Structure formats: structure tokens, C-alpha cells
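Under the numbering used here, the letters of the sequence shown match residues 7 to 210, in that order.
The next block holds one structure in the form of C-alpha cells; read it before the comments.
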Amino acid sequence: MKTNDERIQDILNHLDTLSYIRPEEIPDIDLYMDQVTTFMDEHLKDTKRYPEDKVLTKTMINNYAKNNLLPAPNKKKYSKEHILLLIFIYYFKNILSINDIEELFRPITTGHFARKDDLPLEDIYREIFSLESKEMEHLREDVKAKYERAGGTFTDDSLTEEDREYLQLFSFICELSFDVYLKKQMVEQMIDELRETNPDRKKK
7 MKTNDERIQD ILNHLDTLSY IRPEEIPDID LYMDQVTTFM DEHLKDTKRY
57 PEDKVLTKTM INNYAKNNLL PAPNKKKYSK EHILLLIFIY YFKNILSIND
107 IEELFRPITT GHFARKDDLP LEDIYREIFS LESKEMEHLR EDVKAKYERA
157 GGTFTDDSLT EEDREYLQLF SFICELSFDV YLKKQMVEQM IDELRETNPD
207 RKKK
């Protein structure tokens, strides 16, 4: 069985393998749905929990279009902008509801999708993901700090080494989870405020 020190090292090593899809990696030609799902699966495979998981399926894409997260394809083909939106959706769908993502995306899909006179969606994507390296560095330091704090808990000599290792691991997981919980609360609050600025749209 791994020690907690080995576990944290595995986590930090895994973080080093993660990277976002750069716009230049996305084909400039429109793709059919099968090509889109293959592209996403190949480029985001390192983010999957299990090897057999699918990053994106046809059903998911159809559901996103049905719920107004994704503009309709042009003659069954998806543009580079469609793929950029799908990448955003991929990251958001694990923490937000479909309705929240729709609310958050509305100004993007109406004001910057396939519009030549506004800030292009690709430029928005580049700007946001340019923060990645600094955010990853901050994340690594935060994770290590949380791990150190968790390592200072449950130091009672009456505990067995095995029990202490588990309780300290539990403490570390709780710290990470509480952080995610609070940030999710903040994001949902901001989306609710966006929704309230449009009184004609009732909360679903």
C-alpha cells in the first residue's frame, strides 16, 4: 500500500501531465461529429479518470445543442469555434448544471460566436488559458500546503501507524473538498446574479 507521501507525489506528477488544448492544435476545417469526438478524446485523454471513459459522445453534443450551450452545426459540420466551446463545456460540466452553463455561456454564444465584428471566441479562449501556467504553479503550492497541514493532524501516540496515515489522508481529502465546495458556491452565486439581471428568464 502506498504511503501518503507517495500519494502526494503521484498527484503532483499527474498535474505535470495536464495541459490545455491550444487553438493551433484544432483543425481549421469543419469536422463531422465523429471527428470531433475523436479529436476531443485524443487531446483530453490524460484528464479521464478511467481509460474506458469517454471525453465526449454524440449524445452529449446533441444534448448541449438542445440546451442552447452549443450553436447548431453547419450542414452537420462543427467549426473550430464549436470545439472551443466544447472544451469549455468539458471543464464546466463536472461542477455546474447544464442550466448554469447555459446562463454563463449566453453572452459568449450570442456575442462572440461566428461574429467578425466582435472579439473572436478564439481570442477569448487564448486569453483565459494564458493564465494556465501561473494557476498550475499556484495550485501545486496550495496542494502541498494543504498536505503539510493535514500531516500535522492526528498525532496521538495511541493511534497505529496505519490508522494515522488514513486519518491524515482523510483530513487532506476533506481540505481539498472543502476548497472545491466553497469555490463552487462562489461560482453559482455569480451565475445566479447574472440570471437575476435578466428577469424574463426564470430559474429552471
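C-beta: ideal position from N, C-alpha, C; glycine also.
The structure presented is a predicted model; accordingly, all values stated were derived computationally and were not measured.
Min CB distance residue i to chain B below 9 angstroms
i, result
"residue 84", "This model lacks chain B altogether; it includes just one protein chain."
Residue i vs residue j beta-carbon contact at 9 angstroms
i, j, result
"residue 177", "residue 159", "yes"
"residue 43", "residue 67", "yes"
"residue 181", "residue 155", "yes"
"residue 74", "residue 112", "yes"
"residue 185", "residue 140", "no"
"residue 191", "residue 10", "no"
"residue 89", "residue 114", "no"
Given residue i as reference, the closest of the options once Cα atoms are compared
i, options, result
"residue 31", "66, 193, 145 and 87", "87"
"residue 146", "14, 9 and 10", "14"
"residue 116", "76, 93 and 132", "76"
"residue 219", "53, 110 and 38", "Because the chain in this structure spans residues 7 to 210, residue 219 falls outside the shown range and cannot be described."
"residue 52", "36, 19 and 83", "19"
"residue 196", "142, 110 and 168", "110"
"residue 96", "54, 170, 16 and 8", "54"
Span of the alpha helix (DSSP H), counted from its first residue to its last, around residue i
i, result
"residue 186", "167 to 202"
"residue 4", "The structure shown does not extend to residue 4, since the chain spans only 7 to 210, so no value can be given for it."
"residue 128", "127 to 135"
"residue 56", "Unbroken run through residue 56: none, as it is neither H nor E."
"residue 16", "10 to 23"
"residue 156", "138 to 157"
"residue 112", "104 to 117"
Length of the line joining the Cα atoms of residue i and residue j
i, j, result
"residue 193", "residue 33", "32 angstroms"
"residue 58", "residue 45", "16 angstroms"
"residue 121", "residue 128", "11 angstroms"
"residue 163", "residue 108", "52 angstroms"
"residue 118", "residue 103", "22 angstroms"
"residue 41", "residue 149", "36 angstroms"
"residue 78", "residue 101", "24 angstroms"
"residue 135", "residue 165", "45 angstroms"
"residue 198", "residue 99", "17 angstroms"
"residue 91", "residue 60", "17 angstroms"
"residue 203", "residue 94", "23 angstroms"
"residue 172", "residue 35", "51 angstroms"
"residue 209", "residue 105", "Reliability fails at residue 209, whose pLDDT of 48 lies under 50, so the model's placement of it is uncertain and the value that follows must be treated cautiously. Approximately 8 angstroms, taken between the alpha carbons."
"residue 85", "residue 29", "12 angstroms"
"residue 25", "residue 167", "37 angstroms"
"residue 48", "residue 124", "31 angstroms"
Residues that residue i bridges to, as DSSP identifies them
i, result
"residue 38", "83"
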